[in-house]
Amino acid sequence: MDRYAVMGHPVSHSRSPQIHALFAKATGQLMTYERIDPEPDRFEAAVARFRSEGGKGLNITLPFKERAFALADGQTARARAAGAANTLDFREGQVFADNTDGVGLVRDIVQNQRFMLQQKHILLLGAGGAARGVVLPLLAEQPARLVVANRTAARAFAILSELKASGTITDDLMGRAEACGLEDIPAEPFDVVINATSSSLTGAVPEVPQGVFGPRTLAYDMMYGRGQTPFLKLAQTHGAPYLADGLGMLVEQAAESFYLWRHLLPATAAVLQQLRAELG
Ligand code: NDP
Numbered sequence: 074m075d076r077y078a079v080m081g082h083p084v085s086h087s088r089s090p091q092i093h094a095l096f097a098k099a100t101g102q103l104m105t106y107e108r109i110d111p112e113p114d115r116f117e118a119a120v121a122r123f124r125s126e127g128g129k130g131l132n133i134t135l136p137f138k139e140r141a142f143a144l145a146d147g148q149t150a151r152a153r154a155a156g157a158a159n160t161l162d163f164r165e166g167q168v169f170a171d172n173t174d175g176v177g178l179v180r181d182i183v184q185n186q187r188f189m190l191q192q193k194h195i196l197l198l199g200a201g202g203a204a205r206g207v208v209l210p211l212l213a214e215q216p217a218r219l220v221v222a223n224r225t226a227a228r229a230f231a232i233l234s235e236l237k238a239s240g241t242i243t244d245d246l247m248g249r250a251e252a253c254g255l256e257d258i259p260a261e262p263f264d265v266v267i268n269a270t271s272s273s274l275t276g277a278v279p280e281v282p283q284g285v286f287g288p289r290t291l292a293y294d295m296m297y298g299r300g301q302t303p304f305l306k307l308a309q310t311h312g313a314p315y316l317a318d319g320l321g322m323l324v325e326q327a328a329e330s331f332y333l334w335r336h337l338l339p340a341t342a343a344v345l346q347q348l349r350a351e352l353g
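Residue numbering for the sequence shown is 74 to 353, as defined by my numbering.
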């Protein structure tokens, strides 16, 4: 049995063991997948121990994504662009870091929601770890414009300057991205408005101009839960017709990690449907 796990602190809430068990069953893979909750100062030691016990790969969640990236021997371009890893793959005696959050988001929008991003105007709210992970994959879809807006404007500017410095993006794509504070968001309708802030966790919403939601806008909240999130309620009130939460992103990023480890891309629709039914 090949052994995998998700590491985070805390990690008891993680749905990854269930998702990977469903993928493994559907694809006939013999593997186990557990939760590991190391003390924050023992993260690197916990990774080393898991490897020495024969572990094949890890998913990494808060607050360890940057440290997972830093301890790897090699990183994919999308992990370098994010400066953070949510997936570690142990092979040939080395540690490889990847970040599958962005491809998970893009696949959920493009394939599951059937919403093309090419030449679209995208507003990305937030500049934490989640936003950092999705900027390069969003730009790779060739939107007309990507505005990264954050409550603390300096963090939005930092994401773009670090992305440029990472050497993972062309000048053409970089030229489509801009940063600002929430108060400086252009009050015009965007095709897609993505909430990558953690505001919904506290029942709050980021303060954005009403005009960003138009009659064809897809409002996407990376957060998910029972019922509609506060951000999606706001978007609907302001006229956005298309609404999606982050459950699909969660399942799609897991599928990409599974692919990295097992070289098989599992079907996601049934898994997403099951999780959605369980959420109620
Ligand atoms: P971080 O803690 O790294 O970043 C939080 C961000 O939210 C910051 O940009 C912060 O702004 C902003 N923020 C917090 N509260 C407010 C508020 N009231 N108004 C405006 N902005 C606010 O979190 P992450 O980036 O890791 O996660 C963000 C969200 O994405 C979480 O809800 C998480 O659950 C979700 N997520 C979902 C995934 C999925 O697969 N569906 C994957 C990863 C994350 P400031 O910089 O000013 O403090």
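Glycine included, C-beta positions come from ideal geometry on N, C-alpha and C.
Y293 sits in a strand when the DSSP states are folded into three classes. For the 9 Å CB-CB criterion, L333 and G130 form a contact.
A226 is the residue among R299, A226 and T241 whose C-alpha sits nearest the C-alpha of P279.
Rounded to the nearest angstrom, the Cβ distance from P216 to Q191 is 7 Å, consistent with a contact under 8 Å. By the C-beta density criterion, E325 is buried, having at least 16 other C-beta atoms within 10 angstroms. The residues A292, Q301 and L316, in chain order, have a CB closer than 8 Å to that of Q309 in the same chain once the five nearest residues on each side in sequence are set aside. Taking the Cβ of Q186 as the reference point, every heavy atom of ligand 1 lies at 8 Å or farther away. Q347 sits in a helix when the DSSP states are folded into three classes. Taking every protein chain shown into account, the CB of H86 has fewer than 16 other CB atoms within 10 angstroms, so this residue is exposed. In this structure, D264 has its CB at a distance of at least 8 Å from all heavy atoms of ligand 1. Each residue's CA atom was taken as its position, placing V84 and Y106 some 13 Å apart. Remark: the shortest separation between the CB of G199 and any heavy atom of ligand 1 falls under 8 Å. Take the alpha-carbon of G319 and the one of I195: they are about 17 Å apart. Scanning its chain for C-beta atoms nearer than 8 Å, with the 5 sequence neighbours on each side dropped, one finds around G127 the residues R76, in chain order. Listed as beta-bridge partners of T160 by DSSP are N132 and D171.
Selection A94, R153 and M80 evaluated against V344 yields A94 as nearest (Cα-Cα). Here L323 is actually not in contact with T100; their C-beta atoms are around 18 Å apart, not less than 8 Å. A distance below 7 Å between beta-carbons, with the five flanking residues on each side excluded, links A152 to the following residues of its chain, in chain order: F142, A158, A170, D171 and N172.
Around A204, the same chain offers L197, V221, I232 and A269 as residues with beta carbons nearer than 7 Å, after the five sequence neighbours per side are excluded.
Within the model, the alpha-carbon separation for R187 versus G166 is close to 40 Å.
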